[in-house]
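Here the structure comes first, spelled out in structure tokens, and everything after it is commentary.
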Amino acid sequence: MDKFQWFKSAKFGMMVHWGLYSIPAGEWKGQRMPYIGEWLQARFRIPNAEYHPLANIFNPIFFNADEWVKLARDAGMKYIVVTSKHHEGFAMYRSKVDSFNIVDATPFKRDVIGELADACARHNMKLGLYYSQELDWADPDGGGYTRTTPNAGMMSWTNDWDYPDTSQKNYDRCFERKIKPQVKEILTQYGDLCLIWFDTPDTISPAQSKELADMIHFYQPNCLVNSRIGNGMGDYHSLGDNQITDEDFSTQLVECPATLNDTWGYKTFDNNWKDAQRVLQLKEHLNARGVNYLLNVGPDYLGRIPGPAVDILRQAGTLQK
């Protein structure tokens with residue numbers, strides 16, 4: 004079975020958004036985040052000098068890669084897509100490119116992407132990696148500065164609180180200095196990957212999108228690339244977040260990234276969970292139209308997938324048997 008046939012047959016996967024944003028968990032200095040949890044730094048315009056020290060206390064001692072993979076398997080999922088770096092710029096693996104990563108900057112000192120890759124291999128689960136190739140709030144030249152409207156009407160796409168002069172930003176520097184070498188790292192350090200999941204393209208040029216796609220196909224010829232690489236370079240199409248389509252995509256490769264509650268990154272107070280029956284209704288609706296259902300969980304700052312999410316996914320697995 005080639006990579007395209009595999010993707011078409013997979014139908015159901017787990018997405019995992021995990022990073023430093025799991026520590027504030029949707030709250031900052033007495034204010035609650037009205038939007039998705041992983042955008043907290045942008046919403047409250049938190050300077051890197053205040054935000055980055057969160058790494059000093061990030062110690063997710065309950066993280067267990069085998070438990071995560073077994074949960075996905077028990078739910079009937081065929082692949083897992085994990086954030087290797089989100090917009091905050093913090094790598095969830097050991098990066099030689101930037102010490103702002105989970106091994107070098109935290110007391111935890113463990114490479115969670117490496118542990119998940121090993122667990123996926125043990126349990127015959129395919130692994131994909133999310134990587135934010137455009138937005139990087141830790142980098143003065145992170146992209147998004149060409150966007151003319153704010154995200155959700157309330158947040159800058161680029162870090163213009165630490166680096167307010169957007170006329171001085173040059174994404175080419177960020178791309179060469181950090182993005183391209185980190186993508187090479189994740190492609191060459193963790194065995195076979197089923198896909199790379201990019202996000203929020205805007206400033207990235209066609210040549211840069213092509214360079215990333217070519218790199219992936221060179222180092223990982225069996226690895227798919229999603230459409231959010233930008234500039235029409237993807238192998239398959241990612242719908243909008245939580246976009247439950249009625250369109251028939253049975254002749255194409257399409258995936259719906261969706262949340263189990265209302266956030267991607269962990270928020271303590273988001274308890275608007277879909278129950279197992281609703282999850283399966285959405286899965287069946289999408290699968291009937293040729294669309295994979297990529298359902299997200301947001302682990303907490305100790306590395307635990309929230310109890311309600313665990314219960315819902317296990318029940319969904321039981322109901323499918």
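Going by the numbering used here, the first residue of the sequence shown is number 4, and it counts up by one from there.
Even glycine gets a Cβ: it sits at the ideal position worked out from N, Cα and C.
If you're wondering where the values come from, they're calculated on a predicted model, not measured in any experiment.
Residues near residue i in its chain [Cβ-Cβ closer than 7 Å; skip 5 each side]
i: V100; result: K181, P184, Q185 and E188
i: A75; result: M17, I83 and M128
i: S241; result: N229, S230, R231, E258 and P260
i: N162; result: W140 and G145
i: N245; result: A261 and T262
i: N275; result: N264 and D265
i: K286; result: F15 and Y296
Other residues of its chain near residue i: CB distance less than 6 Å, five sequence neighbours each side excluded
i: Y24; result: G40, E41, L43 and G268
In DSSP terms, what residue i is bridged to
i: C259; result: Y296
i: Y82; result: G16 and K129
i: W276; result: Bridge partners of W276: none, in fact.
i: K88; result: A94 and Y134
i: H240; result: V257
i: I247; result: Note: I247 sits in no beta bridge, so no partner.
i: N229; result: Y239
8 Å Cβ cutoff met for residue i and residue j
i: G146; j: I207; result: yes
i: H90; j: W140; result: yes
i: F15; j: Y304; result: no
i: S200; j: G131; result: Residue identity differs from the one stated: residue 200 is Trp in this sequence, not Ser. In contact: W200 and G131 (Cβ atoms closer than 8 Å).
i: A68; j: A122; result: yes
Pick from the options that is closest to residue i, judged by C-alpha positions
i: S230; options: D107, L289, S253 and K213; result: K213
i: P27; options: F103, L57, Q211 and V228; result: L57
i: K293; options: T271, R281 and Y239; result: Reading the sequence as shown, one finds Gly at residue 293 and not Lys. Closest by alpha carbon: Y239.
i: Q353; options: L283, F178, D314 and G306; result: Residue 353 cannot be examined here, being either before or after the span of the chain that is shown, 4 to 324.
i: P110; options: D202, F221, F61 and D273; result: F61
i: I64; options: R307, P311, F221 and T321; result: R307
i: P153; options: Y96, A312, R46 and P311; result: R46
i: R176; options: M158, Q211 and K88; result: Q211
i: L195; options: N104, K172 and H220; result: At residue 195 the sequence reads Asp, which differs from the Leu that was named. Nearest C-alpha to D195: H220.
Neighbourhood of residue i by C-beta distance below 8 Å, restricted to the same chain and skipping five residues each side
i: E53; result: none
i: Y222; result: K187, L190 and T191
*Could I get the ranges of all uninterrupted beta strand (DSSP E) runs contained in the region 24–69, with 3 residues as the minimum, in chain order?*
As far as the region 24–69 is concerned, it has no whole beta strand (DSSP E) run of at least 3 residues.
*Inside the region 95–160 only - beta strand (DSSP E) runs reaching at least 3 residues*: Here the runs fully enclosed are 129–134.
_Segments of 3+ residues assigned as beta strand (DSSP E) that fall wholly inside the region 178–224_ = List check, beta strand (DSSP E) in window: 198–200.
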